[in-house]
Amino acid sequence: MNILITGGSGYLGQFLVHGLAEQGYTVHYTYGSRQLASAPAGVVAHKVDLATGEGLAQAFEQTPFHAVVNCAAISQPALCETEPDKARAVNVPSFLVDCLLRQEQARGGLRALLVHISTDQVFDGSRALWKEEEAGRPVNVYGKSKLEAEEHILARLPEPHPVAVLRSSIIYGPPAPDPVPRPLFLQFVASAVSNPDKPTAFFADEYRSPVHVQDLCRLTQLLIAAHGQKLEAQQQPQGQGAAAAVVPRKAAEALAPGELAAVAARRHRVYNAGGPERLSRVDMARQVADCLGCGHGSIESVPSASVARGVVSPPDISMDISRLQTDLGFRPAAFRDAIRDILLPPAGK
């Protein structure tokens, strides 16, 4: 199976590039200014300007893609406020959808799965534990551009086009294989709570559902494997030659019994893909401090209104993930358990 990861040089994208390549998929990724020095052998890089689409059509002309994971976004809310036109151009993947539809016409009806990474910021934050079907009323440019992206994709790729929109939250995990140009959430918090000489302010009244990067990768891998099995079944009578999709043996063997069947039978196209908990930033900081055994002395609990950020931020965009759990049987890790494995890995790991 040929997989394209747009935004493959970003934080989540890098873990997907490595994880899917290790499972035996043929992985391609797009980058803007720098290729991945750490990319495994056989991974193909495509220089693409996602604001204009330049370079994207050429990638699709060269390779039939069976699945596309769209991680590309301008995801800094403050930057989106200052450059709203650019944010919309990048965050609403109109050129990518164009390419998917052209591929279907040019390659005998080949419909690639699109896994689109969205955000909890499509909600206005007026209450807790949002459900997928509740109306999104984003309060900033970033959230508005991401909600428009969801609507654009679902309108232009209606069923039976295979689409999965995953609304993530704060994504945390270990450092990426290649450096990324912005501070990583967990590493920033760990450094801050470990510094007894300089208290750091954390918001007590902003709530999220933080998700481990590896949980998002595992969910994406499940969706791709399930789609690959469907393509295999469709192709057996026809034998589509070079365009045939095959789920690598290693990827299939990594699946738990019944896991693939649950994902293949999914009933929805949009999923809240956060972690299982509603946590404030103070909650997260305290759990990191507890993990490191450094106490809470460096954690200053403050209201979000006390800091001028140049952008409106929704106060509570924690998400109800019961659809993810019920439909797909998928259960992401609790924050406390996951950070222990990241910050205090077992010897030899």
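Using my numbering, read the sequence shown as starting at 17 and increasing by one per residue.
Every residue, glycine too, gets a C-beta built ideally from N, C-alpha and C.
Have a look at residue i and residue j and give me their C-alpha separation to the nearest angstrom.
{"i": "P199", "j": "L238", "result": "29 Å"}
{"i": "A354", "j": "H228", "result": "7 Å"}
{"i": "A217", "j": "R302", "result": "12 Å"}
{"i": "A208", "j": "I21", "result": "33 Å"}
{"i": "Y223", "j": "Q119", "result": "41 Å"}
{"i": "A67", "j": "K102", "result": "7 Å"}
{"i": "E150", "j": "S322", "result": "30 Å"}
{"i": "R294", "j": "F351", "result": "10 Å"}
{"i": "R143", "j": "D221", "result": "12 Å"}
Are residue i and residue j touching if we call contact CB-CB under 8 Å?
{"i": "A289", "j": "L247", "result": "no"}
{"i": "V64", "j": "T42", "result": "no"}
{"i": "L232", "j": "L271", "result": "no"}
{"i": "A171", "j": "L129", "result": "no"}
{"i": "Q230", "j": "L276", "result": "no"}
{"i": "D136", "j": "M335", "result": "yes"}
{"i": "I337", "j": "P292", "result": "yes"}
{"i": "L344", "j": "C307", "result": "no"}
{"i": "H243", "j": "P178", "result": "yes"}
With DSSP run on the structure shown, which of helix, strand or coil describes residue i?
{"i": "M300", "result": "helix"}
{"i": "T79", "result": "coil"}
{"i": "N18", "result": "strand"}
{"i": "V279", "result": "helix"}
{"i": "R352", "result": "helix"}
{"i": "Y41", "result": "coil"}
{"i": "I333", "result": "coil"}
{"i": "A225", "result": "Going by the sequence as given, residue 225 is Ser instead of Ala. Looking at S225 - three-state DSSP - the assignment turns out to be coil, as it is neither helix nor strand."}
Below 6 Å CB to CB, which residues in the same chain sit around residue i once its five sequence neighbours on both sides are set aside?
{"i": "G141", "result": "P330, P331, D332, I333"}
{"i": "Y188", "result": "F201, L202, P226"}
{"i": "V60", "result": "H44"}
Within its chain, find whatever has a CB closer than 7 Å to the CB of residue i; leave out the 5 residues flanking it on each side and keep chain order.
{"i": "A305", "result": "V209, G311, H312, I315"}
{"i": "V328", "result": "V155, N156"}
Stretch-stretch touch, CB-based, cutoff 8 Å, three pairs: the segment 179–193 with the segment 18–32: yes
Meets three-Cβ-pair contact criterion under 8 Å: the segment 91–106 and the segment 152–164: yes
Inter-stretch contact at 8 Å, needing at least 3 Cβ pairs: the segment 32–39 / the segment 53–73: yes
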